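Asker: The sequence shown begins at 478 in my numbering and counts up by one. No residue lacks a Cβ here, since even glycine has one placed at the ideal position from N, Cα and C. Computed from a predicted structure; not experimentally measured.
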Amino acid sequence: MAMRIFLVAVIVISTFVTSIVGSYLRARTDQNEENTVHAQSSVNVWWPVPNVKVGGVQPFKAMISGQDVNSYDMYWQVDGDRLNSMHTSYTDYPHKEAMVDLSGWNWRGAGPYTIAFIAKDRANNTIAQSSFVIYTSSPTPKKSYVLTSLWPVDGSRIVGSQLFKAVIEDKSIEEYHIYWQVDGDRLNPMENSYTGFPHKETVIELSGWTWRGEGPYRITFVAKDNSQNELARKDMAIYVPRSIPTPTPVPVSVSMPVATSIFSPTPTVVPTPIQISIPTPSLASVSSQPSSVSENLSLPIAQAQSSSAFYVDPNSSAKKQADMWRWTRPDDARLMNLIASQPVAKWVGDWNSDIRKEAQEYTNKATETNTIPIFAVYNVPGRDCSNYSAGGAQTAEKYKNWINAFASGIGDQKATVILEPDALALMDCLSSQAKQVRFDLIAYAVSKLKANGKTKVYVDAGHAKWIASTEMAERLQKAGIQQADGFALNVSNFYSNEENVRYGEEVSRNTGGKHFVIDSSRNGVGALADLAWCNPQGRALGTRPTVNTGHSLLDAYLWVKVPGESDGPCNGGPSAGQWWPEYALDLARKYITRD
């Protein structure tokens, strides 16, 4: 009897356990099937595309079609490694985006590298994914620089106070530091000098150099970039005689002017550098002859004198670059003068520590030369919708205070202001309330600047291929265009004069006949067919700044974008707004070789 009860109990327990295990396995199967269903969708990847060859910093972009971009998270991974999150972007269309630096991708050489985009819901379930392979460009060889010692040179026999001079020939002196050391001791900084040509220098007193007798003393010049990475070095031996030496041989010829030391019977001799006069481009003015839309400029650029000239900054990056190359790369220096000799807008924004003082000083310099400064104001809150040039004032109130200070700096002097590039064209990332705040702030800036009396204000209105003319006219009206002198087109872009004139005429018809200006700084050969805007190759300088346009609505062609300043870290360029001499040189070269 007991055995029968025991067997019945075993059967009951076994049946119960089997039921539980079966239920669990069915649940796991259902869950796996559900997850499989979730992951059956594919991610719509905008960039990169399969099998593409890319390099540098690239914007990875992806989305799930038909789903709210805020309802899921997106990740990218390479070769099955860790998941890297992407952020939400509203530029062009709501999507997920991440800036990815491919410069360190070398473990597979040029590839292929397997890229996966994985979307997950808020519960961290995978709901979609796509993968494919891409290839990387060969890494750009690290550029080598040559450090030239102008004085002293190897084998010099020198005494007393000496002016040590050195330079890196293919780099602006603002982009590096040079230090000197003796016998491997501490590094001592040298100062910038523009006497004769840009270089580094420092005065050294040798009278106390006795620890090696007359020598040799090993002098080392060390050049470092602004991040303190070593760029180049130069070693030499010098001698410090205790008695009056025989004349030292003249230093060997180098590709820059060389300081010479001539010894006289006096006990102490200081070498006198050769004084060389470097031609300085005169102030460029607006052309005295009308310019057609398809103007073909001659070389060199005309320097017509006019009381209504725009101001040319004698300390511009292009001017400094031309001066630096004048002796080592004279042909390139002449090309760089095509930019250095022309009036270009001064961009002002949240990077200016004292905007009132800086605006006043710049305007005063222009007024002293009977010319008109051009400013590009770029400080609206939420600037550039979190793209390469993101930033701006932190609040609306801070923006108003900043505008007040800027307007005060200009005062009652003449000035031309291009107001907030991209602010009206690039605002789809903003909520309805934020859009209205932006309209109000631009209208405030227009009103404040126009109160000066002699300030011309042009509100930026994008370009011919961006926003429909009727829509842009409506935005301009909300932003106070009626108080402004007009609107600005093509700022920092490449579209032709003809395209922008047609677009400008359409916008003008819908804004009560308002006039406009065109940024022609880089539109000499128009834009690329794929509408590329970030450092596209093969572009050229455009029509030089002039108020003689031959068109009743077109007030001026201006160079608002600084030719040679990068659009962002794309196509080999540095960060947005950074000086890129190679790109500037290419713009000038394409300008004189265009058909």
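Does DSSP put Ile541 in a helix, a strand or coil?
Answerer: In the structure shown, Ile541 sits in coil (DSSP, three-state: anything other than H, G, I, E or B).
Asker: Near Val1039, what residues of its chain come up, given a Cβ to Cβ distance below 6 Å and the 5 sequence neighbours on each side ignored?
Answerer: Here the set comprises Val821.
Asker: Tell me the DSSP secondary structure of Leu1062 in three-state form.
Answerer: Helix at Leu1062.
Asker: The beta strand (DSSP E) spanning Asn669 covers which residue range?
Answerer: Asn669 -> beta strand (DSSP E) spans 668–670.
Asker: Comparing C-alpha positions only, which one of Ile880, Ala941, Lys955, Gly1001 sits nearest to Gly981?
Answerer: Measuring from the Cα of Gly981, the nearest candidate turns out to be Ala941.
Asker: Does the segment 641–655 touch the segment 800–813, meaning 3 or more C-beta pairs lie closer than 8 Å?
Answerer: Touching, yes, given that three or more Cβ pairs across the two stretches are closer than 8 Å.
Asker: Do you know how far the Cα of Leu640 is from the Cα of Val746?
Answerer: Note that Val746 scores a pLDDT of 35, beneath 50, so its modelled location is shaky; the value from the coordinates is reported in the next line. Straight-line Cα distance between these residues: approximately 11 Å.
Asker: Below 8 Å on the Cβ atoms is my guess for Gln960 versus Val923; work out the distance and round it to an integer in Å.
Answerer: 5 Å between Cβ atoms; contact.
Asker: When you compare the segment 841–853 with the segment 1051–1062, are there three or more beta-carbon pairs, one atom per stretch, that lie closer than 8 Å?
Answerer: No: the two stretches stay apart, fewer than three of their Cβ pairs being nearer than 8 Å.
Asker: Under 8 Å Cβ to Cβ from Gly557, same chain only, skipping five residues before and after it: list those, please.
Answerer: For Gly557, where only same-chain residues beyond five positions count, the Cβ hits under 8 Å are Thr591, Ala593.
Asker: Could you please give the first and the last residue of the uninterrupted beta strand (DSSP E) stretch that includes Gly963?
Answerer: Per DSSP, Gly963 belongs to the beta strand (DSSP E) from 963–966.
Asker: With C-beta atoms as the reference, is Gly963 less than 9 Å away from Tyr935?
Answerer: Yes, the pair counts as a contact, with Cβ atoms nearer than the cut-off.
Asker: State the beta-bridge partners of Ala1017 as determined by DSSP.
Answerer: In the DSSP output, where bridge partners are listed per residue, Ala1017 has Asn1000.
Asker: Do you know how far the Cα of Asp831 is from the Cα of Lys955?
Answerer: Going by the C-alpha atoms only, they are around 30 Å apart.
Asker: At which residue ranges does the segment 823–885 contain complete beta strand (DSSP E) runs of 3 or more residues, listed in the order of the chain?
Answerer: With a minimum length of 3 residues, the continuous beta strand (DSSP E) runs that stay inside the segment 823–885 are 823–826, 851–855.
Asker: Thinking C-alpha only, which one of Ala911, Tyr839, Leu918 is nearest Ile958?
Answerer: When each option's Cα is compared against that of Ile958, the closest is Leu918.
Asker: So, are the CB atoms of Arg689 and Met713 less than 9 Å apart?
Answerer: For Arg689 and Met713, no; Cβs fall outside 9 Å.
Asker: Assess, as a yes-or-no matter, whether the segment 625–639 is touched by the segment 1038–1052 under the definition of 3 or more beta carbon pairs within less than 8 Å.
Answerer: Short answer: they don't touch.
Asker: For the beta strand (DSSP E) containing Lys931, name the first residue and the last one.
Answerer: Taken as a continuous stretch (DSSP letters only), Lys931 belongs to no beta strand (DSSP E), as it is neither H nor E.
Asker: Using the rule of at least 16 other Cβ atoms within 10 Å of the residue's Cβ for burial, across every protein chain shown, is Ser973 buried or exposed?
Answerer: With 16 or more other Cβ atoms within 10 Å, it is buried.
Asker: Measuring CB to CB, does Tyr549 end up less than 9 Å from Arg599?
Answerer: The answer is yes: Cβ separation under 9 Å.
Asker: Starting from the C-beta of Glu510, find all residues in its chain whose C-beta is less than 6 Å away, skip the five residues before and the five after it, and write them out in chain order.
Answerer: Confidence in Glu510 is poor, its pLDDT being 44 and thus under 50, which makes the residue's placement unreliable; the coordinate value appears in the next sentence. So the list is empty, once near-sequence residues are dropped.
Asker: Per the contact definition of three or more C-beta pairs closer than 8 Å, is the segment 578–590 in contact with the segment 557–568?
Answerer: The segment 557–568 is not in contact with the segment 578–590.
Asker: Would the segment 989–1006 count as touching the segment 1014–1023 if we require 3 or more Cβ pairs under 8 Å?
Answerer: Contact holds: three or more Cβ-Cβ distances are below 8 Å.
Asker: Exposed or buried, what is Asp578 when buried is set at 16 or more other beta-carbons lying within 10 Å of its beta-carbon?
Answerer: Answer is exposed; the Cβ neighbour count stays below 16.
Asker: With a CB to CB cut of under 7 Å and the five nearest residues on each side skipped, what residues in its chain are close to Pro898?
Answerer: Taken in chain order, the residues that qualify are Ala853, Tyr855, Asp937, Val968, Ser969.
Asker: Just to confirm, are Phe537 and Ala575 a CB contact at a threshold of 9 Å?
Answerer: A contact, by the Cβ cut-off of 9 Å.
Asker: Could you tell me the distance, in whole angstroms, from the CA atom of Glu707 to the CA atom of Val659?
Answerer: Going by the C-alpha atoms only, they are around 18 Å apart.
Asker: For Asn977, report the span of its beta strand (DSSP E) as first-last.
Answerer: Not the beta strand (DSSP E): Asn977 falls in the alpha helix (DSSP H), residues 974–986.
Asker: From Val978, Thr947, Asn703, Leu966, pick the residue whose C-alpha is nearest to that of Asn987; which is it?
Answerer: The candidate whose alpha carbon is nearest that of Asn987 is Thr947.
Asker: On the three-state DSSP scale, how would you describe Ser759?
Answerer: Here Ser759 scores only 32 on pLDDT, less than 50, and its place in the model should not be relied on; the value that follows carries that caveat. DSSP places Ser759 in coil when its eight states are reduced to three.
Asker: Does DSSP put Ala938 in a helix, in a strand, or in coil?
Answerer: Coil.
Asker: Quickly, what does DSSP pair Tyr1034 with across the bridge? List them, please.
Answerer: Its beta-bridge partners are Ile995, Thr1023.
Asker: Rank Pro858, Asn878, Val978 by C-alpha distance to the C-alpha of Gly1027 and give the top, closest one.
Answerer: The shortest Cα separation from Gly1027 among Pro858, Asn878, Val978 belongs to Val978.
Asker: Taking its Cβ as the centre, do 16 or more other Cβ atoms sit within 10 Å of Gln752, making it buried, or is it exposed?
Answerer: Low confidence applies to Gln752: its pLDDT is 35, below 50, so where it sits in the model is not reliable, and the reading given next is rough at best. With fewer than 16 other Cβ atoms within 10 Å, it is exposed.
Asker: Quick one: grab the DSSP three-state call for Ala593.
Answerer: Reduced to three states, the DSSP call for Ala593 is strand.
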